[in-house]
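Notes follow the structure.
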Amino acid sequence: MAPFEVHLPTTAAEAVALRRDLPESMYVAGGTDLLVNLKHRLHAARHLVSLSAVEEMVGIEASGDGTLRIGAGTVLHRVAESEVVREGVPALAIAAGLVAGPQHRRMGTLGGNVMLDTRCLFYNQSASWREALGFCLKKDGDWCHVINTAKRCVAAHSADTVPVLIALDAVLEVAHPEDGPGEVRVEDLYVIDGRFEQNRTLDPRCLVVAIRIPPRKPGHRSTYRKVRARRAVDFPQLGLAVVGAFSGDGACTDLTAVVSAVLPKPQRLKRMEAAVGTHLEDDVIEEIAEQAFRQVHPQTSIHGDPAWRRQMARVEMRRALQALRASA
Ligand SMILES: Cc1cc2nc3c(=O)[nH]c(=O)nc-3n(C[C@H](O)[C@H](O)[C@H](O)COP(=O)(O)OP(=O)(O)OC[C@H]3O[C@@H](n4cnc5c(N)ncnc54)[C@H](O)[C@@H]3O)c2cc1C
Ligand code: SF4
1423 MAPFEVHLPT TAAEAVALRR DLPESMYVAG GTDLLVNLKH RLHAARHLVS LSAVEEMVGI
1483 EASGDGTLRI GAGTVLHRVA ESEVVREGVP ALAIAAGLVA GPQHRRMGTL GGNVMLDTRC
1543 LFYNQSASWR EALGFCLKKD GDWCHVINTA KRCVAAHSAD TVPVLIALDA VLEVAHPEDG
1603 PGEVRVEDLY VIDGRFEQNR TLDPRCLVVA IRIPPRKPGH RSTYRKVRAR RAVDFPQLGL
1663 AVVGAFSGDG ACTDLTAVVS AVLPKPQRLK RMEAAVGTHL EDDVIEEIAE QAFRQVHPQT
1723 SIHGDPAWRR QMARVEMRRA LQALRASA
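In structure tokens form, the structure reads like this:
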């Protein structure tokens, strides 16, 4: 790992000023992803602005209208275990509890998860490995080994909590180095190009201060399904967030599904309105599961046969809807 200097601000304003003023600087929260990437020489950072002492960025607050505000520096373990989150937005607690392994969840933060770099088998490797094969478009090269083009990187968006946050219409509270505080919808943060710092619509010097989840619709039910090679530690090969609203008699009034680990940006599935007005009977579930299969087209950028992962979109959608039906 190349040497770097660590800075320890105690306020968000101080952190943003350091990131703005120090050349080749990066934020580090839990460091569970960043430090691995630095070892692989995927980023050049001479200064790390640590967020670990910024107390104002830690905590979970629920306001009277049902809005949930989670500080970006809150660790995933706390999000997963929080009663407020488990009861108010079950899918977020499930997704946070499925990230990596227990040690990562006690260090890794929700903000770090939102800002996680995209992943690819040709990129998340040591510098010598990448050099031996020939560097790729995402880092130091000019060619994508996955889709054989010089135009676009299709490294997979791999953060478990993000499809849930998109399905919940969550908003990021950000601090911009020049423009001050601002907001961006989580859904508007990413673009369909997996290259580092080109994958986001935000100025890379922006600090994510908190994640705000608006009040859920009446009769909220939600879940998150994750396909991975092992039951622990592994990144998703497919992530599926499903959020629904139900009337008093159990009829579905709204359904949203977002899939991840397919492209550089999570994908909101279309034609979910087939569920509205139904009680998620088996034939309705099959119809929506078929929609998931049709719309999901995984790439070979991450582990797992793409054809199998596509089939799993159908299977996991079926399981998610069955879980929603059962959680009345
Ligand atoms: C073995 C292993 C398995 C993993 N498995 C999973 C998995 O299954 N699912 C998953 O989602 N992730 C996984 N991860 C990745 C990582 O543990 C999580 O994504 C974690 O949430 C990252 O949070 P962090 O606080 O450690 O971020 P860091 O590593 O500190 O930072 C990640 C990125 O976010 C930026 N950043 C951090 N906080 C902010 C902020 N507040 N504002 C602006 N930028 C910020 C950093 O500059 C960096 O670019 C895994 C990692 C490892 C090593
Ligand atoms: S998808 Fe292509 S450009 Fe992107 S990291 Fe993989 S090989 Fe590199």
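To get the working numbering, take the position in the sequence shown, counting from 1, and add 1422. Glycine included, each C-beta is placed from N, C-alpha and C at the ideal position.
Can you tell me whether residue i sits near ligand 3, meaning its C-beta is under 6 Å from at least one heavy atom of the ligand?
{"i": "residue 1530", "result": "Ligands present in the displayed structure are limited to ligand 1 and ligand 2, and ligand 3 is not among them."}
For a test of your reading of the model: does the CB of residue i fall under 6 Å from any non-hydrogen atom of ligand 2? Yes or no.
{"i": "residue 1419", "result": "There is simply no residue 1419 to check, as the chain begins at 1423 and stops at 1750 in what is shown."}
Excluding five sequence neighbours on each side, which residues of the same chain lie with their C-beta closer than 8 Å to the C-beta of residue i?
{"i": "residue 1482", "result": "1490, 1491, 1492, 1493, 1496, 1500, 1501, 1504, 1506 and 1507"}
{"i": "residue 1511", "result": "1490, 1586, 1590, 1635, 1638, 1642 and 1644"}
{"i": "residue 1599", "result": "1438, 1439, 1441, 1442, 1625, 1627 and 1628"}
{"i": "residue 1487", "result": "1637"}
{"i": "residue 1531", "result": "1451, 1452, 1473, 1494, 1495, 1496, 1497 and 1498"}
When every heavy atom of ligand 1 is checked, does at least one fall within less than 6 Å of the C-beta of residue i?
{"i": "residue 1426", "result": "no"}
{"i": "residue 1454", "result": "yes"}
{"i": "residue 1702", "result": "no"}
{"i": "residue 1657", "result": "yes"}
{"i": "residue 1734", "result": "no"}
{"i": "residue 1538", "result": "yes"}
{"i": "residue 1448", "result": "yes"}
{"i": "residue 1493", "result": "no"}
{"i": "residue 1602", "result": "no"}
{"i": "residue 1535", "result": "yes"}
{"i": "residue 1526", "result": "yes"}
{"i": "residue 1630", "result": "yes"}
{"i": "residue 1705", "result": "no"}
{"i": "residue 1581", "result": "yes"}
{"i": "residue 1745", "result": "no"}
{"i": "residue 1393", "result": "Missing from the structure shown is residue 1393; the chain here goes from 1423 to 1750 and no further."}
{"i": "residue 1434", "result": "no"}
{"i": "residue 1467", "result": "no"}
{"i": "residue 1502", "result": "no"}
{"i": "residue 1742", "result": "no"}
{"i": "residue 1696", "result": "no"}
Residues in its own chain within less than 7 Å of residue i by CB, not counting five upstream and five downstream?
{"i": "residue 1467", "result": "1426, 1446, 1447, 1448 and 1460"}
{"i": "residue 1702", "result": "1674, 1743, 1746 and 1747"}
{"i": "residue 1614", "result": "1685, 1686 and 1687"}
{"i": "residue 1676", "result": "1639, 1666, 1667 and 1698"}
{"i": "residue 1469", "result": "1426, 1427, 1429, 1444, 1446 and 1447"}
{"i": "residue 1565", "result": "1558, 1559 and 1572"}
If you drop the 5 nearest sequence neighbours on each side, which residues of the same chain put their C-beta closer than 6 Å to that of residue i?
{"i": "residue 1588", "result": "1608, 1609, 1680 and 1688"}
{"i": "residue 1750", "result": "1672"}
{"i": "residue 1649", "result": "1659, 1660 and 1734"}
{"i": "residue 1471", "result": "1429, 1437, 1440, 1441, 1447 and 1449"}
{"i": "residue 1655", "result": "1522 and 1523"}
{"i": "residue 1682", "result": "1579, 1585, 1661 and 1688"}
Completely contained alpha helix (DSSP H) runs for the segment 1513-1583, where each covers 4 or more residues:
Counting only runs of 4 or more residues that sit fully inside the segment 1513-1583, the alpha helix (DSSP H) segments are 1524-1529, 1532-1536 and 1549-1555, in chain order.
Taking contact to mean 3 or more Cβ pairs, one atom from each stretch, closer than 8 Å, check whether the segment 1562-1581 and the segment 1684-1700 are in contact.
A contact exists between the segment 1562-1581 and the segment 1684-1700.
Please confirm if the segment 1472-1484 is in contact with the segment 1424-1442, defined as three or more CB-CB distances below 8 Å between the two stretches.
Yes, the segment 1472-1484 touches the segment 1424-1442.
List, from N- to C-terminal side, the alpha helix (DSSP H) runs of 4 residues or more that fit wholly inside the segment 1615-1696.
The qualifying runs do not exist here; there are none.
Closer than 6 Å is what we want: which residues have a beta carbon that near any heavy atom of ligand 2? List them in chain order.
The answer, residue by residue, is 1542, 1544, 1545, 1558, 1559, 1560, 1566, 1567, 1568, 1575, 1576, 1577, 1616 and 1723.
Would the segment 1605-1612 and the segment 1638-1646 be scored as touching if the rule is three or more Cβ pairs under 8 Å?
No: fewer than three Cβ pairs fall under 8 Å.
Decide yes or no for the touch test of the segment 1552-1559 against the segment 1512-1529: beta carbon pairs closer than 8 Å, at least 3 of them.
Judged by Cβ distances under 8 Å, the segment 1552-1559 makes no contact with the segment 1512-1529, as fewer than three pairs qualify.
Measuring CB atoms only, is the segment 1729-1736 touching the segment 1708-1720, in the sense that at least three cross pairs come out at less than 8 Å?
The answer is yes - the segment 1708-1720 touches the segment 1729-1736, with three or more Cβ pairs under 8 Å.
Where are the beta strand (DSSP E) runs, 3 residues long or more, that stay fully inside the segment 1476-1504, in chain order?
Within the segment 1476-1504, the runs of beta strand (DSSP E) that reach at least 3 residues and sit entirely inside it are, in chain order, 1482-1484 and 1490-1493.
Report yes or no: do three or more beta-carbon pairs, one from the segment 1537-1551 and one from the segment 1668-1677, lie closer than 8 Å?
Flag = no, the segment 1537-1551 and the segment 1668-1677 do not touch.
Counting only runs that start and end within the segment 1697-1749, where is the alpha helix (DSSP H) found for 4 or more residues in a row?
You should have 1704-1717 and 1728-1748.
My parser needs the beta strand (DSSP E) runs of 3 or more residues fully inside the segment 1443-1471; what are they?
Correct list: 1447-1450.
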